[in-house]
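Right, one structure below, let's go through it.
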Amino acid sequence: MPDQSAVVTRFAPSPTGFLHIGGARTALFNLLYARHTGGKFLLRIEDTDRARSTEAAVAAIFEGLTWLGVEHDGEVVFQHTRADRHREAVAQLLSAGHAYRDYMTPDELEAEREAARAEGRAVRSPWRDQDPPAGSNLPHVIRFKGPKEADTVIDDLVQGPVRFANKDLDDLVLLRSDGAPTYNLAVVVDDHDMGVTHVIRGDDHLNNAPRQALIYQALGWDLPAFAHIPLIHGPDGAKLSKRHGAQAVGDFAAQGYLPEAMRNYLTRLGWGHGDDEIFSDEQAAAWFDIRDVGRAPARLDWDKLASVNAHYIREADDARLAALTADAHRARGEALTDADLARLEAAMPFMKTRAKTIPQLADETQFLTARRPLHLDDKARATLTDEAASRLQRLSEALAATTSWTDPDLDLLIKAFAGAEGVGLGKIGPNLRAALTAGRPSPDLSKTLAALGRDESLGRIHDALSQRT
RNA sequence: GGUCCCUUCGUCUAUCGGUUAGGACACUAGAUUUUCAUUCUAGGAAGAGCGGUUCGACUCCGCUAGGGACUGCCA
18 MPDQSAVVTR FAPSPTGFLH IGGARTALFN LLYARHTGGK FLLRIEDTDR ARSTEAAVAA
78 IFEGLTWLGV EHDGEVVFQH TRADRHREAV AQLLSAGHAY RDYMTPDELE AEREAARAEG
138 RAVRSPWRDQ DPPAGSNLPH VIRFKGPKEA DTVIDDLVQG PVRFANKDLD DLVLLRSDGA
198 PTYNLAVVVD DHDMGVTHVI RGDDHLNNAP RQALIYQALG WDLPAFAHIP LIHGPDGAKL
258 SKRHGAQAVG DFAAQGYLPE AMRNYLTRLG WGHGDDEIFS DEQAAAWFDI RDVGRAPARL
318 DWDKLASVNA HYIREADDAR LAALTADAHR ARGEALTDAD LARLEAAMPF MKTRAKTIPQ
378 LADETQFLTA RRPLHLDDKA RATLTDEAAS RLQRLSEALA ATTSWTDPDL DLLIKAFAGA
438 EGVGLGKIGP NLRAALTAGR PSPDLSKTLA ALGRDESLGR IHDALSQRT
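For the first sequence, our numbering begins at 18 and goes up steadily by one.
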């Protein structure tokens with residue numbers, strides 16, 4: 018016997034563009050709440066507006082959610098396939114006197130809208146309380162006939178109780194003149210039929226909630242719990258848009274953020290669990306309660322996102338990071354060899370602590386994939402005096418002679434060499450580094466040598482020596 | 001214009017009437033250091049304003065200001 022009290026949440030995007038980061042967070046909160054309560058998380062595509070919905074947008078939503086790791090339970094519901102069921106609900110409303118046919122022309126509607134705005138009242142149709150015109154074959158929409166007295170209170174899980182006066186609510190269009198159902202009708206019917214118990218969505222829908230609640234009541238259905246979460250804003254506090262650098266989840270993927278970092282960051286944005294900043298998916302599910310979500314819109318903070326990302330990069334598998342970093346190199350037009358790939362992976366344990374994003378990791382590993390001969394700049398050449406060059410030559414010979422080309426041993430070798438030469442590392446490091454990387458950032462010299470390998474290292478030193486003027 | 005929502009360090013947040021208002025990111029200073037980073041230590045930084053309620057308000061109420069959403073035969 019199914020548990021009648023089990024929680025069912027859903028994410029219901031409309032496929033009219035990319036998957037917005039705010040939508041992604043809404044999906045994440047729905048997922049988290051479902052996991053927290055042991056319930057189900059469903060996905061529904063709100064494509065009742067056939068003209069604006071596209072296949073590409075549907076694909077972008079699936080792709081974005083998959084990348085983020087927000088996986089739904091059960092089959093995806095496409096809202097437009099349920100139009101007959103929606104019309105059935107409207108027929109029920111009509112026969113019960115909770116809906117009416119509205120024959121206003123576009124011009125009449127426009128005039129009424131202006132009048133209503135000027136008078137500071139809700140839009141009203143004269144057909145609400147009038148018999149259909151003669152013939153009644155005329156084009157018309159079907160509107161909900163809501164009560165005009167009393168109040169409707171939405172006991173929102175995030176916003177608290179919110180009271181709306183019914184007289185301020187206009188009569189929603191349920192069916193368009195072509196017979197197609199509208200959003201406000203479809204959400205109610207679908208959420209009910211899908212058994213949704215908790216409607217968690219952006220707070221841009223808070224004003225729709227009372228109208229939808231009235232439809233539930235007219236249909237004789239129980240109301241789900243509502244939770245309207247604040248939207249995500251850009252760093253400047255304005256609604257997130259293109260000029261903020263990213264708004265689609267695909268943008269974040271392309272900019273080198275890891276999905277697990279995005280989940281952590283997005284969960285923490287607008288929600289908190291004491292002082293916890295970094296937490297696993299399991300912890301998030303265990304701690305997350307929709308009631309703890311904040312009521313104020315949160316701003317996207319690139320620095321903090323980068324910091325969280327840096328943490329997850331350090332935790333990530335080396336082979337996975339090497340592959341992502343290789344992709345970033347290729348995206349810059351570099352052709353990588355198998356040797357490059359091998360070096361990338363071997364170097365990852367100590368390279369991944371140096372970057373906050375994948376593109377940065379590509380920057381940091383440039384010294385690995387650069388092609389011989391590396392070109393020394395004037396300054397580097399100038400530092401390669403006769404004395405420095407002959408010392409570098411001796412170091413090269415010492416390196417060539419070693420039988421253990423590993424980080425700790427190379428480190429010992431360099432220090433022993435400096436001791437034998439009677440100079441500090443400062444007399445050796447800069448020249449060796451210039452020869453090895455030609456100014457590119459690189460880790461400890463011993464690590465740089467180890468990552469490059471014996472042949473490449475020796476070759477680069479040889480190249481540098483031959484560039485003396 | 002109308003309806004509704006929001007307001008703690010620069011940012012994300014903790015606090016659920018009594019705290020030196022805590023943490024994280026960012027920032028500043030110092031230490032470490034063969035480049036660039038990292039790491040470590042220390043530091044500055046907040047309750048929008050005004051009235052109430054209360055022995056006592058960041059926490060409760062009201063007003064003001066500022067931000068935002070909606071006001072579609074879009075979702």
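C-beta atoms are modelled at their ideal positions from N, C-alpha and C, and glycine is treated no differently. Just so it is clear, the structure is predicted and the values come from calculations on it, not from any experiment.
Ranked by how close their Cα comes to the Cα of V325, the residues N281, A315, L317 have N281 in first place. Excluding sequence positions up to five before and after Q410, its CB lies within less than 7 angstroms of the CB of L482, all in the same chain and listed in chain order. The C-beta distance from P252 to L317 rounds to 6 angstroms, short enough to fall under 8 angstroms.
Rounded to whole angstroms, the Cβ separation of A345 and L353 is 11 angstroms, and the two are not in contact under 8 angstroms. The DSSP assignment places complete alpha helix (DSSP H) segments of no fewer than 4 residues inside the region 244–292 at 266–271, 276–285, in order along the chain. Around the beta carbon of G137, a 10 Å sphere encloses fewer than 16 other beta carbons of the protein chains shown; the residue is thus reported as exposed.
Bounds of the alpha helix (DSSP H) holding T454 are 446–454. CA-CA distance, D306 to R104, rounds to 36 angstroms. Contact between the region 463–481 and the region 446–454 is present: 3 or more CB-CB pairs across the two stretches fall below 8 angstroms. The C-alpha of A397 lies about 7 angstroms from the C-alpha of N448.
According to the DSSP secondary-structure assignment, T169 is paired through a beta bridge with F181.
Bridge partners of I330 according to DSSP: none are assigned.
In the DSSP assignment, T83 falls within the alpha helix (DSSP H) that extends over 72–85. Following the DSSP letters along the chain, one finds H157 in no alpha helix (DSSP H), marked with neither H nor E. Taking C-beta atoms under 8 angstroms as the contact rule, A372 and E381 qualify, at a distance of about 5 angstroms.
In the structure shown, the three-state DSSP call for I217 is strand. Shown here, L338 sits in a helix according to DSSP, grouped into three states. Put simply, the backbone Cα of A255 is about 20 angstroms away from that of V310.
Between the alpha carbons of V25 and V175 lies a gap of roughly 17 angstroms.
Secondary structure of V24 (DSSP, three-state): coil.
Shown here, H392 sits in coil according to DSSP, grouped into three states, outside any helix or strand.
The beta carbons of K184 and A139 sit closer together than 8 angstroms.
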